[in-house]
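Before any comments, here is the structure.
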Amino acid sequence: MWFSWVTLLLLLGMAAVTFAVTQLLSWKHTVWRRYFALRDFADSRGLKLHIKPAAMDRLPGSLAGLSPPPRARWNFHGPTMSLLRLHSGTETYNLALIRFTDRWPTTAFRPANLPSSLWDRLPMFSYPSPYGSHRFTLHGVDPPAARQLSDSACRALLPADLGLLLDENVMVIDFSSRPFDPIELGRMVSLGQQLVRALSVLKASGDQPAGNEPA
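Using this note's numbering, you'd call the opening residue of the sequence shown number 1 and step up by one each time.
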């Protein structure tokens, strides 16, 4: 019986390719499952996904100045929105950043039921709110701007476990209490759009950020 090395090598090559493809498909749904799920989410939303640690130049000044310097493990970029898995020292935060046209002094809603928050690391004052503090506490550097945020529809739109920061022309939603997965990322995109529309109502009504006016 005639033996062919060529035929043997072809059969071995086909077997190796079949094994490699099977292994890659297996890894896609096991080891790399999260990466492919997030990549599919980015493609569906018109965002670019970066997975290498990087300094975040889109952060507002108050967050960019954190120590240790913040870096992002997962990093989605779009024209007006970014979604970040942010690391600062040993702490990890999930953030949605949305750019808008107005400029605000640093102003924030902090979830009242959370023992710690990213906003605790920022140099802000605490202000009383006529709506109480059972869901959020009100913080900022400018009393009129804090009052405007407190009176806005953002309070009603924002779930009680999420934090909201307005700084310069960037809105930041802190959803560190939730998973960094396509479901929650999609929710943050929708919520960010609603909150920006709520702020645009302030602009249309003439109740724009007051700057550093006296209380």
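Beta carbons are placed, not taken as given, at the ideal position from N, Cα and C, and that holds for glycine.
Between Pro68 and Ser88, the beta carbon gap of about 6 Å places them in contact (Cβ cut-off 8 Å). For Gly61, the enclosing alpha helix (DSSP H) begins and ends at Gly61 to Ala64. When the Cα atoms are used, Leu191 and Leu157 turn out to be separated by approximately 8 Å.
Assigned with DSSP and collapsed to three states, Asp167 falls in strand. Your pair Leu97 and Arg58 checks out as a contact, with CB atoms roughly 6 Å apart and the cut at 8 Å. Here Ser150 carries a helix assignment [DSSP, helix/strand/coil].
The beta carbon of Leu86 sits closer than 6 Å to those of Pro70, Ala72, Tyr93 and Leu95, all from its chain and outside the five residues before and after it, given in chain order. In the DSSP assignment, Arg135 falls outside any beta strand (DSSP E), carrying neither H nor E. Beta-bridge pairing by DSSP links Ile173 to Ala96 and Leu164.
Excluding the 5 residues flanking it on each side, Leu138 has same chain C-beta neighbours closer than 6 Å at Tyr127, Ser129, Ala146 and Ser150, in chain order. When the five nearest sequence neighbours on each side are left out, the beta carbons in the same chain lying within less than 6 Å of the beta carbon of Leu83 are those of Phe76, Ala96 and Leu185, in order along the chain. In the DSSP assignment, Ser126 falls within the beta strand (DSSP E) that extends over Phe125 to Tyr127. Inter-residue distance for Leu114 and Asn169 is about 26 Å (C-alpha atoms, whole angstroms).
Leu63 has its alpha-carbon roughly 14 Å from the corresponding atom of Val141.
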